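These notes concern the structure reproduced below.
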Amino acid sequence: MRFRFALSAVGAVLSSAVMLGGSITPTVAQSVEFRGTATVTAKSKACSQNGWVVGEKTKANMRYRPPRLGSNGKTTKIALFYPYWATSYVLETGVLGKSFKPVHAYGMSAAPYPYANGAEVRVTSLTPSVVTPSTKTVKIKGEVRGFDEMADCVVTFAATLKPR
Numbered sequence: 091m092r093f094r095f096a097l098s099a100v101g102a103v104l105s106s107a108v109m110l111g112g113s114i115t116p117t118v119a120q121s122v123e124f125r126g127t128a129t130v131t132a133k134s135k136a137c138s139q140n141g142w143v144v145g146e147k148t149k150a151n152m153r154y155r156p157p158r159l160g161s162n163g164k165t166t167k168i169a170l171f172y173p174y175w176a177t178s179y180v181l182e183t184g185v186l187g188k189s190f191k192p193v194h195a196y197g198m199s200a201a202p203y204p205y206a207n208g209a210e211v212r213v214t215s216l217t218p219s220v221v222t223p224s225t226k227t228v229k230i231k232g233e234v235r236g237f238d239e240m241a242d243c244v245v246t247f248a249a250t251l252k253p254r
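Heads up: the sequence shown runs through residues 91 to 254, numbered per our numbering.
Here it is in structure tokens:
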């Protein structure tokens, strides 16, 4: 009897909430992402094969999703967006650190494509060293080896990012 009464009380509360314009939705974790501007500060000579000017600094919009925050899962994602081309790097598990790690690399121009040669990424500096959902600013520096699908093209980047 108590069980039936408890269910009736719960039903009445839920019905009242819905009739008063409320809704009952589960709390869903959102992805934690930081966005901002990155500057590619250095390029190796091999980068000139695809038209990158060695010694010229280039700017791109950047998105960074650290692992294990919100609904991000175990992957680390970094993407750079230029006016006519974009590139994305995904580390399937873990965090990027001082050593190069192989990543899944993708490009997007007229159509998306995976890098045939793969790529490696490392983060040489991350401030703060531990990023949380409440972090207000992320400063990240790193390198990409295999940039723009060229195995010997290495670029250095630096970015200042804010929460989405």
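Think of the CB as a built atom: it goes at the ideal place given N, C-alpha and C, for glycine as much as any other residue.
All of these numbers come straight from a predicted model, not from anything done at the bench.
Check: Test item: CB-CB of F124 and N151 under 9 Å; Outcome: no
Check: Helix, strand or coil at N162 according to DSSP, with G and I counted as helix; Outcome: coil
Check: Segments of 3+ residues assigned as beta strand (DSSP E) that fall wholly inside the region 124 to 162; Outcome: 124 to 133 and 148 to 155
Check: Helix, strand or coil at E233 according to DSSP, with G and I counted as helix; Outcome: strand
Check: Under the three-state DSSP convention, the category E210 falls into; Outcome: strand
Check: Cβ-based neighbour list, T148, same chain, cut-off 6 Å, excluding 5 preceding and 5 following; Outcome: V130
Check: Segment contact flag, the region 136 to 146 with the region 246 to 254, C-beta cutoff 8 Å, min 3 pairs; Outcome: no
Check: Continuous beta strand (DSSP E) stretch holding A249: start and end; Outcome: V244 to P253
Check: Where the beta strand (DSSP E) through P192 begins and ends; Outcome: K191 to M198
Check: N-terminal and C-terminal residue of the beta strand (DSSP E) that P69 is part of; Outcome: The structure shown does not extend to residue 69, since the chain is modelled only from 91 to 254, so the question has no answer here.
Check: C-alpha gap between R254 and V180, whole angstroms; Outcome: 19 Å
Check: Residue range of the beta strand (DSSP E) that includes V180; Outcome: A176 to L181
Check: Inter-residue CB distance, R212 and K229 (contact presumed, cutoff 8 Å); Outcome: With 8 Å as the limit, R212 and K229 do not qualify as a contact, their Cβ atoms being about 16 Å apart.
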